[in-house]
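Take a look at the structure set out below.
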Amino acid sequence: DAGITQSPRHKVTETGTPVTLRCHQTENHRYMYWYRQDPGHGLRLIHYSYGVKDTDKGEVSDGYSVSRSKTEDFLLTLESATSSQTSVYFCASASDYNSPLHFGNGTRLTVT
Amino acid sequence: EDQVTQSPEALRLQEGESSSLNCSYTVSGLRGLFWYRQDPGKGPEFLFTLYSAGEEKEKERLKATLTKKESFLHITAPKPEDSATYLCAVRITSGTYKYIFGTGTRLKVLA
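Going line by line, the protein sequences match chains A and B. Counting from 28, one number per residue, gives the positions in the first sequence under the numbering used here. Counting from -2, one number per residue, gives the positions in the second sequence under the numbering used here.
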């Protein structure tokens, strides 16, 4: 396994507050991804990174930002949390362009 | 529009009762099809990658096959520990680093 750690594993926050989720990988993988998983929608890409300081938007990026200052760390920030952002968030990494993704165990976020 | 559809949504099998899960895709160009297993409260775990029609991969009781329009995950003589949600994803040739996921098949194997 790629050794991906997500923190926190669970978080409850109030509408309008900023939230940062953390992803740390120990495999020196170049590519990192943030997904959200919701019933009936499957995994949807929020943002991804193809190198340090190189990031791009996915299909559901509104209200989210990311940063990658080191190869091993990829942060997801909800600038002002809304109830529609209640979800399970997964981080993933891959060694190269076509490699399979390796996932962390997720962060369950509840916005009240 | 690129799309991945999995069927059935849920499947209940008796232990030893073989069956197949389907993943059909409509994409602009396929770079690879991936199968994952997801247990409750965990992240998806990689199972197989298939790259071209006719390719097959096997692991224990699981066998994945690929045609030009769909992939099947065959489960032979399943055991209760095979109970999980099985996800498929496609990597497309759009020039982005994206994978498109299906919504999964929830498999329950009864002892």
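Heads up, the beta-carbon is just placed ideally off N, CA and C, and yes, glycines get one too.
- Interface flag for K54 of chain B against chain A is unset, since no Cβ pair is found closer than 9 Å.
- Shown here, D81 of chain A sits in a strand according to DSSP, grouped into three states.
- Closer than 9 Å to the CB of G51 of chain B there is not a single CB belonging to chain A.
- Interface flag for G85 of chain A against chain B is set, since a Cβ pair is found closer than 9 Å.
- Inclusion of R36 of chain A and M59 of chain A in the CB contact set at 9 Å is not warranted, their separation being larger than that value.
- Distance between L10 of chain B and D81 of chain A, taken at the CA atoms: about 45 Å.
- Put simply, the CB of N132 of chain A is near chain B, with a gap under 9 Å to one of its CB atoms.
- Counting C-beta pairs with one atom in each stretch, the region 61 to 72 of chain A and the region 94 to 107 of chain B have three or more that are closer than 8 Å, which means they touch.
- Among the residues facing chain A, P41 of chain B is included, as its CB has a counterpart in that chain under 9 Å away.
- When C-beta distances to chain A are compared with 9 Å, the residues of the region 25 to 38 of chain B below that value are R28, G29, F31, Y33, Q35 and G38, in chain order.
- Assignment of D100 of chain A by DSSP, reduced to helix, strand and coil, places it in the strand class.
- Look at T100 of chain B: its C-beta is under 9 Å from a C-beta on chain A.
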